[in-house]
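First up is the structure itself, then whatever we jot down about it.
There are 2 protein chains.
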Amino acid sequence: MARTALMPAKRKPKADTSARDVKGEISAYKRRLILEEACHLFYAHGYEGTTLDAIAERLNVTKPFIYSYHRNKAEILREISERGIRLCLAALDEVRSNGGTPLAQLKAIVDRVTTLILENQEYIVVYQREEKNLEPATARDIRRLRKMFDTRLEALLDEGVASGEFDIEDTGFAAISISGLMSWTANWFQPGGRRPASEVIVQTLKMVTHMVAAPK
Amino acid sequence: MARTALMPAKRKPKADTSARDVKGEISAYKRRLILEEACHLFYAHGYEGTTLDAIAERLNVTKPFIYSYHRNKAEILREISERGIRLCLAALDEVRSNGGTPLAQLKAIVDRVTTLILENQEYIVVYQREEKNLEPATARDIRRLRKMFDTRLEALLDEGVASGEFDIEDTGFAAISISGLMSWTANWFQPGGRRPASEVIVQTLKMVTHMVAAPK
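Structure, rendered in structure tokens:
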């Protein structure tokens with residue numbers, strides 16, 4: 001039962017709407033609410049400065065309620081830290097599987113990934129700040145996912161160099177730089193500030209395109 | 217006397233080598249040693265996880281010794297956090313005052329600033345991670361210095377657009393992106409790793425040049 005509740009998507013075909021796993025959906029929703037609130041508190045007061053009691057208080061729930069969804073504070077930090085890179089990797093993989101020219105794929109990736117980074121800004125920043133508070137094995141796992149993102153982006157850049165669309169001397173370095181440009185937006189973007197998210201996305205797209213495009 | 221020791225450069229003409237302020241130099245050296253060790257411990261264990269006792273122990277000195285050079289732990293964090301941006305701003309200003317074409321100036325800035333960022337990697341990372349532990353007024357001051365860096369870089373980019381060397385739609389955004397690309401190296405550079413610092417600098421230079429250069 002617990003397995004079904006935690007992993008409904010794997011056990012049911014998508015079209016089967018007559019048997020929605022409402023319990024599973026609610027459970028996932030509650031997990032997400034706890035993560036969101038915890039992330040917000042870690043962002044404002046730091047991981048070490050935030051207790052599970054404070055998270056429970058903000059959610060108006062008991063601490064045992066939190067424990068029924070997350071084993072401990074370290075696990076909450078792990079889930080927060082993984083979230084950004086997991087979403088970005090999934091977006092990259094989906095764009096890659098849809099095909100298209102390397103330039104079209106790169107543009108779609110930058111658009112979707114920058115959007116995800118701005119939408120999950122606090123998650124990304126908390127990960128960047130609190131990486132040292134992750135268990136070493138977890139920190140390594142997440143670094144591995146980030147490396148995977150860069151390596152897959154590098155493969156796309158290689159395809160674009162081969163097709164003549166891109167002019168890049170070191171595609172590995174370019175991949176790290178593009179990831180960096182996108183990630184950096186989380187450090188300076190201000191919701192409600194002078195540059196709306198849509199403009200940040202469009203301008204990042206132009207910067208990246210300019211950075212890799214072969215002269216016409 | 218204390219003023220002389222702390223600010224020797226302001227009180228003596230540069231050419232006067234016959235009267236070196238050795239006391240002042242030693243004092244500055246000791247301040248620097250404390251900062252370096254504190255930065256190293258903040259980097260490894262976090263600001264909150266590091267006591268002044270631990271810093272004193274690592275330096276094999278007493279806590280009063282540290283207090284005679286820094287008021288408290290918060291002041292040490294402020295000095296660590298300011299260091300990177302102060303050095304980068306000074307490098308930018310020096311390059312600007314030396315003159316040259318906008319492209320030559322931009323290349324000199326990227327070269328020098330990326331070098332400074334890699335040399336002061338732990339200082340930059342500690343600032344990025346621990347910004348929330350700075351006093352609000354200090355955090356604002358440092359953000360103002362960073363903004364100043366970007367604004368001065370933007371002015372250079374504007375000159376390059378006017379001269380036809382650069383092809384940039386939004387020079388403000390390009391300045392933030394270039395700062396971001398350079399700062400990002402502090403997050404992934406590994407001393408002794410696969411890419412030596414010299415290569416990171418050369419490749420960053422190429423990325424930035426490609427990003428802003430007008431098509432030939």
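Residue numbers (this note's numbering), protein chains in the order written: chain U, 1 to 216; chain X, 217 to 432. Where a beta carbon is used, it is the ideal one built from N, C-alpha and C, also for glycine. The model shown is predicted, which means the values in this text are computed figures rather than measured ones.
8 Å Cβ cutoff, residue i in contact with chain X
i        : result
U:Glu79  : no
U:Ala19  : no
U:Gly180 : yes
U:Lys232 : As displayed, chain U neither begins before 1 nor continues past 216, which places residue 232 of chain U out of reach and without an answer.
U:Gln128 : yes
U:Lys132 : yes
U:Ala174 : yes
U:Gln190 : no
U:Glu48  : yes
U:Asp170 : yes
U:Ala5   : The predicted position of U:Ala5 is uncertain, since its pLDDT is 37 and thus under 50; a value taken from the coordinates is nonetheless stated next. Judged by the 8 Å Cβ criterion, U:Ala5 is not in contact with chain X.
U:Gln203 : yes
U:Lys10  : Low local confidence applies: a pLDDT of 46 at U:Lys10 is under 50, so the model's placement there is unreliable, with the coordinate-based value given in what follows. Chain X contact via Cβ: absent.
Inter-residue Cα distance where the pair is residue i and residue j
i        : j        : result
X:Cys304 : U:Ala175 : 25 Å
U:Lys23  : U:Thr50  : 30 Å
X:Asp386 : X:Tyr283 : 47 Å
U:Glu79  : U:Leu35  : 8 Å
X:Arg368 : X:Met398 : 15 Å
U:Pro64  : U:Ala38  : 15 Å
X:Trp404 : U:Gly160 : 25 Å
X:Asp357 : U:Gly100 : 47 Å
X:Glu415 : X:Thr331 : 11 Å
U:Glu75  : U:Thr138 : 10 Å
X:Ala371 : U:Pro136 : 43 Å
U:Arg58  : U:Val113 : 30 Å
X:Tyr245 : U:Phe42  : 37 Å
X:Leu421 : U:Leu33  : 43 Å
U:Glu165 : X:Arg359 : 38 Å
U:Ser27  : X:Pro412 : 48 Å
X:Ala235 : X:Ser297 : 33 Å
Neighbourhood of residue i by C-beta, 6 Å cutoff - its chain only, sequence neighbours within 5 removed
i        : result
U:Lys73  : Leu52
U:Ile109 : Leu92 and Val95
X:Val424 : Val326 and Ile394
U:Ala186 : Ile117, Gln121, Ile124 and Val125
Test item: CB-CB of residue i and residue j under 8 Å
i        : j        : result
U:Ile201 : U:Asp93  : no
U:Ser163 : U:Pro102 : yes
U:Glu25  : U:Leu77  : no
X:Asp383 : X:Ala430 : yes
X:Leu361 : X:Arg302 : yes
X:Gln419 : U:Phe173 : yes
U:Met211 : X:His286 : no
U:Ala56  : U:Thr62  : yes
X:Gln344 : U:Gln128 : yes
X:Lys348 : U:Gly46  : yes
Proximity test, Cβ basis, 8 Å: residue i and chain U
i        : result
X:Pro431 : yes
X:Ser393 : yes
X:Gln337 : no
X:Met427 : yes
X:Asp374 : no
DSSP-derived helix/strand/coil call for residue i
i        : result
U:Ala214 : coil
X:Phe281 : helix
X:Phe382 : strand
X:Ala221 : With a pLDDT of 38 at X:Ala221, under the threshold of 50, the predicted position of this residue should be treated as unreliable, though the coordinate-derived value follows. DSSP places X:Ala221 in helix when its eight states are reduced to three.
X:Gln434 : Residue coverage of chain X in this structure runs from 217 to 432, which leaves residue 434 of chain X outside it and unanswerable.
U:Leu249 : Nothing can be reported for residue 249 of chain U, as the shown portion of chain U is limited to 1 through 216.
U:Pro196 : coil
U:Leu134 : coil
U:Glu48  : coil
X:Gly316 : coil
X:Asp366 : helix
U:Asp141 : helix
X:Arg287 : coil
X:Asp309 : helix
X:Arg236 : coil
Nonlocal neighbours in the same chain, by C-beta distance under 7 Å from residue i, ignoring five residues either side
i        : result
U:Gly192 : none
U:Arg83  : Asn120 and Tyr123
is_contact[residue i, chain B] using C-beta, thresh 8 Å
i       : result
U:Arg96 : The structure shown has no chain B; the protein chains it does contain are U and X.
Proximal residues to residue i (C-beta, below 8 Å), its chain only, five neighbours per side dropped
i        : result
X:Glu264 : Asn349
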